[in-house]
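In the working numbering, the protein residues as written are 6 to 116. For each residue, glycine too, the CB sits at the ideal point set by N, CA and C. Remember, predicted model here, so these are calculated numbers, not experimental data. These notes are about the structure you will find just below.
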């Protein structure tokens, strides 16, 4: 075995415990799932809205105000739209700035 191969093998064997811990931690994360009707919508949930006025589907995420990026569909929690979404649940219909919306589905990290 060459010197480089031996050094790599020693490093690989010495870090086996750390790699195993990393794998175990990544498996312990909660999985993304769709919310059922009546479940509470929280920050960072992905919401699919139907614009009933113009018949458009919008994909939005409600985030804290300092992370707002409308080009990526991230709306602030204190914005009118964000506030109405966080108050609603799946299949809720609401009106925002003279446009009627319906929440079609919500997916998020849940245990």
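Let me check understanding here. Comparing Cα to Cα, which of the options lies closest to residue i?
i, options, result
"residue 90", "59, 60, 46 and 70", "46"
"residue 86", "48, 9, 18 and 39", "48"
"residue 110", "64, 16 and 13", "64"
"residue 107", "113, 114 and 97", "97"
Can you tell me whether residue i is helix, strand or coil according to DSSP?
i, result
"residue 22", "helix"
"residue 106", "strand"
"residue 75", "helix"
"residue 96", "coil"
Between which two residues does the alpha helix (DSSP H) holding residue i run?
i, result
"residue 91", "85-92"
Let's see if you can read the secondary structure: which residues bound the beta strand (DSSP E) around residue i?
i, result
"residue 47", "First-last for residue 47: undefined, no H or E at that position."
"residue 61", "61-68"
Out of curiosity, what's the CA-to-CA distance linking residue i and residue j?
i, j, result
"residue 102", "residue 20", "56 Å"
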